[in-house]
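Chains as they are written, first to last, in our numbering: chain A, 100 to 365; chain B, 3 to 188.
Think of the CB as a built atom: it goes at the ideal place given N, C-alpha and C, for glycine as much as any other residue.
Heads up, the thing below is written out as structure tokens.
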């Protein structure tokens with residue numbers, strides 16, 4: 100029997116679909132209707148216009164820049180040098196963060212870093228939330244900070260600053276590796292043992308800089324590992340952890356622990 | 003980010019149409035202007051940053067591929083985008099439904115009855131009108147509609163959370179939807 104109530108409930112299915120209360124099967128059935136009949140599509144569009152404004156009350160949250168990098172990578176889009184999200188100022192001058200990274204005691208390193216970075220920074224007003232920078236303290240076996248790596252996700256680059264100049268055997272140089280969770284190390288590049296190195300990050304690399312990746316340094320021949328994988332001893336390696344919120348910015352820091360240092364990466 | 007002014011809406015419509023013509027610059031600008039709104043929507047529904055990031059990525063890859071089918075006469079760009087992200091988030095929730103039902107934290111989540119960073123002078127006319135109509139609903143029914151919209155829960159889940167029979171929840175929501183339609187279409 101087709102009562103007025105049934106009719107009403109049937110037309111309300113489109114409203115229920117937009118509200119989001121239908122189970123998976125019913126949802127799929129309505130989605131199919133929308134694709135195939137213009138009445139359903141029109142009814143759903145009307146309900147969207149009525150109900151979607153509720154989302155105006157949800158506070159916006161800026162996504163981490165690597166999400167955009169992943170989208171570009173997934174779609175194979177040509178990539179401009181930087182992500183379209185406005186850059187945020189402040190982190191490079193964020194002393195609590197540097198202190199936490201282990202550079203606080205090394206005024207020379209901070210001064211060096213600020214000198215290196217400042218001329219390139221163009222401070223802009225920033226939206227709230229989001230992840231613009233990642234950083235890693237790369238420690239040696241003895242717990243002394245060897246390098247600090249800071250990744251500027253907007254400008255797609257990483258700056259690696261030595262805190263303690265490394266003594267390496269003749270003909271050897273440090274190579275930096277990115278290790279996505281559960282994957283093989285990817286070479287980021289050779290880094291200097293006694294001065295800052297700036298490395299441009301391509302979109303594929305940027306897309307892998309999530310909070311589950313780690314950084315490590317191994318000792319390789321001057322030109323880099325001949326195999327594409329680490330061949331020498333690993334000086335430091337570690338997993339990513341959340342940084343103390345040194346300012347109002349949400350900052351994630353990769354903490355390179357020395358627990359596994361000295362092991363081979365592969 | 004405010005996407006509520008008519009001029010801003012027009013601009014987003016234009017950017018989405020340009021995106022439909024494979025204009026990468028327009029797509030980047032569209033992302034810049036809308037991603038934090040959509041990410042807020044995803045995060046609110048999924049309650050997990052990693053999942054919300056994945057859904058946001060899926061949303062924008064779909065935007066790039068399907069922007070050509072956007073019709074500004076039928077919906078504004080921002081409605082089209084929010085709908086797309088909500089649908090992806092709801093699909094994700096349905097996939098994980100079993101796990102979520104097992105998670106007591108999620109079961110007893112409540113939604114703030116307080117709306118609104120937007121309920122001020124900046125909020126859109128559509129939003130203010132909808133809020134007025136929402137205020138005419140019975141409090142319990144209003145809160146069920148909100149919870150449904152913001153969490154993407156099914157009738158079953160809503161009934162369990164509110165500890166009422168499924169039939170009661172269905173009639174609450176349906177009555178609310180009819181009431182909203184009448185109020186909004188006046």
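For residue j and residue i, the rounded distance between their alpha carbons
| i | j | result |
| --- | --- | --- |
| residue 369 of chain A | residue 276 of chain A | No statement about residue 369 of chain A is possible, as the shown extent of chain A runs from 100 to 365 and does not include it. |
| residue 243 of chain A | residue 274 of chain A | 18 Å |
| residue 180 of chain A | residue 24 of chain B | Bear in mind that a pLDDT of 39 at residue 180 of chain A, under 50, signals an unreliable position, so the model cannot answer this. |
| residue 327 of chain A | residue 303 of chain A | 16 Å |
| residue 188 of chain B | residue 251 of chain A | 52 Å |
| residue 57 of chain B | residue 87 of chain B | 7 Å |
| residue 164 of chain B | residue 147 of chain B | 12 Å |
| residue 320 of chain A | residue 265 of chain A | 15 Å |
| residue 75 of chain B | residue 183 of chain B | 21 Å |
| residue 7 of chain B | residue 129 of chain B | 12 Å |
| residue 150 of chain A | residue 35 of chain B | 22 Å |
| residue 149 of chain B | residue 120 of chain A | 10 Å |
| residue 335 of chain A | residue 235 of chain A | 11 Å |
| residue 175 of chain B | residue 143 of chain B | 7 Å |
| residue 81 of chain B | residue 160 of chain B | 25 Å |
| residue 281 of chain A | residue 185 of chain B | 54 Å |
| residue 175 of chain A | residue 307 of chain A | 15 Å |
| residue 41 of chain B | residue 126 of chain B | 19 Å |
| residue 284 of chain A | residue 323 of chain A | 14 Å |
| residue 179 of chain B | residue 52 of chain B | 33 Å |
| residue 163 of chain A | residue 129 of chain A | 34 Å |
| residue 158 of chain B | residue 10 of chain B | 39 Å |
| residue 55 of chain B | residue 311 of chain A | 14 Å |
| residue 299 of chain A | residue 153 of chain B | 40 Å |
| residue 172 of chain B | residue 166 of chain B | 10 Å |
| residue 45 of chain B | residue 21 of chain B | 25 Å |
| residue 89 of chain A | residue 67 of chain B | Summary: the structure shown does not reach residue 89 of chain A, with chain A confined to residues 100 through 365, and so no result is reported for it. |
| residue 62 of chain B | residue 37 of chain B | 9 Å |
| residue 169 of chain B | residue 177 of chain B | 12 Å |
| residue 126 of chain A | residue 13 of chain B | 32 Å |
| residue 59 of chain B | residue 241 of chain A | 41 Å |
| residue 30 of chain B | residue 162 of chain B | 42 Å |
| residue 132 of chain A | residue 138 of chain A | 9 Å |
| residue 39 of chain B | residue 26 of chain B | 20 Å |
| residue 131 of chain B | residue 259 of chain A | 54 Å |
| residue 156 of chain B | residue 124 of chain A | 12 Å |
| residue 331 of chain A | residue 43 of chain B | 47 Å |
| residue 213 of chain A | residue 309 of chain A | In this predicted model, residue 213 of chain A has a pLDDT of only 49, less than 50, meaning its place in the structure is not dependable enough to derive any value. |
| residue 89 of chain B | residue 238 of chain A | 45 Å |
| residue 50 of chain B | residue 136 of chain A | 35 Å |
CB-CB length for residue i against residue j, believed under 8 Å
| i | j | result |
| --- | --- | --- |
| residue 270 of chain A | residue 316 of chain A | About 17 Å separates the two Cβ atoms, so there is no contact after all. |
| residue 293 of chain A | residue 261 of chain A | 6 Å |
| residue 94 of chain B | residue 139 of chain B | The Cβ separation is near 28 Å, so there is no contact. |
| residue 15 of chain B | residue 91 of chain B | Incorrect: roughly 23 Å between the Cβ atoms, too far for contact. |
| residue 18 of chain B | residue 72 of chain B | 5 Å |
| residue 53 of chain A | residue 318 of chain A | Residue 53 of chain A lies beyond the range of chain A shown here (100 to 365); nothing can be said about it. |
| residue 140 of chain A | residue 110 of chain A | Their Cβ separation, rounded to whole angstroms, is 14 Å, which puts residue 140 of chain A and residue 110 of chain A out of contact at 8 Å. |
| residue 313 of chain A | residue 278 of chain A | 5 Å |
Cβ of residue i within 7 Å of any chain C Cβ
| i | result |
| --- | --- |
| residue 156 of chain B | Absent here is chain C; the protein component of the structure consists of chains A and B. |
Of all the residues that make up the stretch 159 to 175 of chain B, which are near chain A by a beta-carbon distance shorter than 8 Å?
160 and 175
In chain order, which alpha helix (DSSP H) runs of at least 4 residues are fully inside the stretch 269 to 312 of chain A?
302 to 306
Closer than 7 Å between beta carbons: that is the criterion. Which residues of the stretch 38 to 52 of chain B meet it against chain A?
38, 39, 41, 42, 43, 45 and 46
Residues within the stretch 75 to 100 of chain B neighbouring chain A, beta-carbon criterion of under 7 Å:
76, 77, 81, 84, 85, 88, 92 and 96
On the three-pair Cβ rule with 8 Å, is the stretch 91 to 100 of chain B touching the stretch 149 to 167 of chain A?
no
Taking 8 Å as the cut-off, does the stretch 278 to 294 of chain A touch the stretch 142 to 159 of chain A (at least 3 CB pairs, one atom from each stretch)?
The stretch 142 to 159 of chain A is not in contact with the stretch 278 to 294 of chain A.
With 7 Å as the C-beta to C-beta threshold (strictly closer), list the residues of the stretch 52 to 67 of chain B near chain A in chain order.
55, 58, 59, 62, 63 and 66
Check whether the stretch 106 to 124 of chain A and the stretch 142 to 150 of chain A are in contact - that is, three or more C-beta pairs closer than 8 Å.
Short answer: they touch.
Could you give the uninterrupted runs of the alpha helix (DSSP H) lying entirely in the stretch 60 to 102 of chain B, keeping only those of 4 residues or more?
79 to 97
Select from the stretch 7 to 27 of chain B all residues with a C-beta closer than 9 Å to any C-beta belonging to chain A, and list them in chain order.
26 and 27
If you measure beta-carbon to beta-carbon, which residues of the stretch 161 to 176 of chain A are closer than 9 Å to chain B?
161, 162, 163, 165, 166, 167, 169, 170, 171, 173, 174 and 176
Kindly provide the ranges of any beta strand (DSSP E) runs that are 3 or more residues long and lie completely inside the stretch 232 to 273 of chain A, ordered along the chain.
Correct list: 232 to 238, 244 to 251 and 256 to 261.
Name, going along the chain, the residues of the stretch 314 to 327 of chain A whose beta-carbon falls closer than 8 Å to a beta-carbon of chain B.
none
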